Amino acid sequence: MGIDRRRTKAYSPQTNGMVERFNGRVATEVLHVCVSNHEDLEILLRGFCFAYNHRPQRVLGGIAPAQCIISWLEKHPASRNQDYIKPAGRDIMKQVDEILDYANDVFCGCRP
Numbered sequence: 001m002g003i004d005r006r007r008t009k010a011y012s013p014q015t016n017g018m019v020e021r022f023n024g025r026v027a028t029e030v031l032h033v034c035v036s037n038h039e040d041l042e043i044l045l046r047g048f049c050f051a052y053n054h055r056p057q058r059v060l061g062g063i064a065p066a067q068c069i070i071s072w073l074e075k076h077p078a079s080r081n082q083d084y085i086k087p088a089g090r091d092i093m094k095q096v097d098e099i100l101d102y103a104n105d106v107f108c109g110c111r112p
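For the sequence shown, position 72 (counting from the first letter as 1) is numbered 72 according to the UniProt record's numbering, and the numbering increases by one without interruption.
As structure tokens, this is what we get:
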């Protein structure tokens, strides 16, 4: 797949920019939403991962990460992990929308 594993210096986020950028996006786009339980948070995180993995990325030449994996596995079927758990499908996005709508209604109801 052309993936290089790199070890970075502990507590030095500047040496691990791509991961830190992803974590920052999770913090700004998911974690600021007030949810009523852990199950809703899990759904939001799974929905975020689905959206992120299906969005074209500049560093991948305009291809979505999910498409890169699918293409690679088609060429290397023996590399497929037998314990692989299929990620959330597009149907999770409906649940995400419902949670966000509810969170927005609750938040708007709290404003003076």
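Note that CB positions come from ideal geometry on N, CA and C, so glycine has one too.
Quick caveat: nothing in here was measured; it's all calculated off a predicted structure.
Query - Nearest-angstrom Cα separation, counted from residue 14 out to residue 21 - result: Rounded to the nearest angstrom, the two C-alpha atoms are 10 Å apart.
Query raised in the report: Taking buried to mean at least 16 other C-beta atoms within 10 Å of its own C-beta, is residue 70 buried or exposed?
Result: It is exposed - the Cβ of residue 70 has fewer than 16 other Cβ atoms within 10 Å.
Requested in this report: Specify the secondary structure class of residue 85 as computed by DSSP and reduced to three states.
Outcome: In the structure shown, residue 85 sits in coil (DSSP, three-state: anything other than H, G, I, E or B).
Query raised in the report: Is any beta-carbon of chain D found at less than 8 Å from that of residue 88?
Result: As a matter of chain content, chain D is missing from the structure shown, which is built from one protein chain.
Query raised in the report: Could you give the C-beta distance for residue 25 and residue 88, rounded to a whole number, given that I count them as a contact under 8 Å?
Result: Wrong, their Cβ atoms sit about 17 Å apart, outside the cutoff.
Query raised in the report: Should residue 85 go down as buried or exposed, given a rule of 16 or more other Cβ atoms within 10 Å for buried?
Result: Result: exposed.
Report task. If I'm right that residue 64 touches residue 76 with Cβ under 8 Å, what's the distance once you round it to whole angstroms? Result -> In fact, because the Cβ distance is near 19 Å, the residues do not count as touching under 8 Å.
Report task. Would you tell me roughly how many angstroms separate the C-alpha atoms of residue 42 and residue 92, rounded to the nearest one? Result -> In this model, residue 42 and residue 92 are separated by some 11 Å (Cα to Cα).
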